[in-house]
Amino acid sequence: MMMHAYGMDAREFLPFILPLMGKYEFYLPHFRGFGAAKDIELTQFDFVHQYAEDIDTVIEHICLRRHVESLPVAAISMGALVMWSYFERFGTARVSRYLNIDQSPVIHNQPDWQGGLFGDRQKERFAVFQEIVDRTLPYAHVEHFTHLPFSLKRHVTDVERLFSLLSVSRPRSKAVVQALTHQNDHKLAFYNHQTWQHKMRCLQAYLAIPYDFRAVIENVTIPVVSLIGGQSKLYDPNWQQEITCMLPNARDVILPRSGHAVPMDEPIGFHKVLKKFCENDLRVATKKRLSKVAFLGDAAKFKS
115 MMMHAYGMDA
125 REFLPFILPL
135 MGKYEFYLPH
145 FRGFGAAKDI
155 ELTQFDFVHQ
165 YAEDIDTVIE
175 HICLRRHVES
185 LPVAAISMGA
195 LVMWSYFERF
205 GTARVSRYLN
215 IDQSPVIHNQ
225 PDWQGGLFGD
235 RQKERFAVFQ
245 EIVDRTLPYA
255 HVEHFTHLPF
265 SLKRHVTDVE
275 RLFSLLSVSR
285 PRSKAVVQAL
295 THQNDHKLAF
305 YNHQTWQHKM
315 RCLQAYLAIP
325 YDFRAVIENV
335 TIPVVSLIGG
345 QSKLYDPNWQ
355 QEITCMLPNA
365 RDVILPRSGH
375 AVPMDEPIGF
385 HKVLKKFCEN
395 DLRVATKKRL
405 SKVAFLGDAA
415 KFKS
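Spelled out as structure tokens, the structure:
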């Protein structure tokens, strides 16, 4: 099972898994509010907590349906944060091994941990996000993005572009982001941004809730591979490696030229790591081979 990032559509994984589908099956769930599940609303402010509950339901369903005890999971960014919440609440019995893609279990910096989101630039970056949350809150009841004041629409899309640009490192990736996110005035006036309210709600929770799942690390004894973007501006690679050292049975794979959005910056490298993860060809610190792939199910989505 593969879990997507904030603002990502799980189907963006398809180019990477299609060459592997002759040998493996994959589940690509969408989190509430995104992709094929964009019409399914959150019922809790703590969206990470609710997503973890949803993932537990999905994993239990897969295991029962396919008659397996556990399955491998790969997760990137927000999806990986959800997995840390899942491990805290439900343990690791249903996960045979885990591929963590450029994500720390800590969002807000702490006196003893400066490896949170945006690292030493967290305060200034969070101030930008808090401003956009505050500006959009009075319009939370507005159903259509097209009905927002033009200046607010421009601010929302500018902040989203900023986040996307911070997520990539390679010049070609930045060029793609610029091309995909550019909205001239005429286009922006008619732009139907279907997930803007949900994204703002998630962002509000990110800023308000001090997510810190370090306490569960010692209990995650399954094999873990941490795939790290060596140029990540969202989560400092050195602090990510600290997490790997804290895990009982883990190893790093660092793609030195990649930013946070590993599949975009290093598509070939990402595919190679994913392929080896599926093949059980990634060794961990215990020197014990990972168990053979039992299952990576077919496409699915959350129901509610």
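Okay, so the sequence shown: first residue is 115 according to the working numbering, each after it adds one. Backbone N, C-alpha and C define an ideal beta-carbon position, used for all residues, glycine too.
- Following the DSSP letters along the chain, one finds I368 inside the beta strand (DSSP E) bounded by residues A364 to L369.
- The Cβ atoms of S218 and A119 do not sit closer than 8 Å to each other.
- Nearest to L266 by C-alpha distance, out of L251, L279 and F159, is L251.
- In the DSSP assignment, S199 falls within the unbroken alpha helix (DSSP H) covering M192 to F204.
- Bounds of any beta strand (DSSP E) do not take in S281; it lies within the alpha helix (DSSP H) bounded by F264 to S281.
- For a cut-off of 8 Å, the C-beta gap from Y165 to F148 is around 10 Å, too long to register as a contact.
- A188 carries a strand assignment under DSSP once its states are collapsed to helix, strand and coil.
- According to the DSSP assignment, N352 belongs to no beta strand (DSSP E) but to the alpha helix (DSSP H) extending over P351 to M360.
- For G343, the enclosing beta strand (DSSP E) covers residues V338 to G343.
- H181 has its alpha-carbon roughly 44 Å from the corresponding atom of K288.
- By alpha-carbon distance to L294, the top candidate from D272, R315, H312 and M314 is D272.
- Among the bridge pairs identified by DSSP, L213 is matched with A188 and V339.
- When C-beta atoms of the stretch 343 to 354 are compared with those of the stretch 318 to 325, fewer than three pairs fall below 8 Å, so the two segments do not count as touching.
- Judged by DSSP in its simplified three-state form, V182 adopts coil rather than helix or strand.
- In the same chain as G230, and ignoring 5 residues on each side of it, the C-beta atoms closer than 7 Å to its own belong to S218, V220, I221, H222, N223 and Q236, in chain order.
- Ranked by Cα distance from Y349, the first of C359, F159, V291 and S281 is S281.
- If you draw a 10 Å sphere on the C-beta of D234, you find fewer than 16 other C-beta atoms in it, and that means exposed.
- In the three-state reduction of the DSSP assignment, Q292 falls in the helix class.
- Within the model, the alpha-carbon separation for V187 versus L213 is close to 6 Å.
- In this structure, the alpha-carbon of Q345 lies about 20 Å from that of E238.
- In the structure shown, M378 falls within a helical segment according to DSSP collapsed to helix, strand and coil.
- The C-beta separation of S283 from V291 comes to about 11 Å, leaving the pair out of contact by the 8 Å criterion.
- Around the beta carbon of T358, 16 or more other beta carbons sit within 10 angstroms, so the residue counts as buried.
- Fewer than three pairs of CB atoms, one per stretch, sit closer than 8 Å, so the stretch 246 to 260 makes no contact with the stretch 367 to 382.
- Taking the Cα of V367 as reference, the smallest distance to any Cα among K347, I342, D168 and D379 is reached at I342.
- Residue pairing by DSSP puts V220 in a beta bridge opposite D326.
- Spanning the alpha carbons of M360 and T206 requires a straight line of approximately 16 Å.
- Annotation for K347: no alpha helix (DSSP H) segment contains it, and DSSP assigns it neither H nor E.
- The three-state secondary structure of M117, taken from DSSP, is strand.
- Within the stretch 115 to 170, no complete beta strand (DSSP E) segment of 3 residues or longer occurs.
- I131 is classed as buried because its beta carbon has at least 16 other beta carbons within 10 Å across all chains shown.
- Check the Cα spacing between F140 and each of E380, F127, F204 and L262: the tightest is with F127.
- Minimum Cα-Cα distance from D170 among the listed residues S184, L369, F243 and A254 corresponds to S184.
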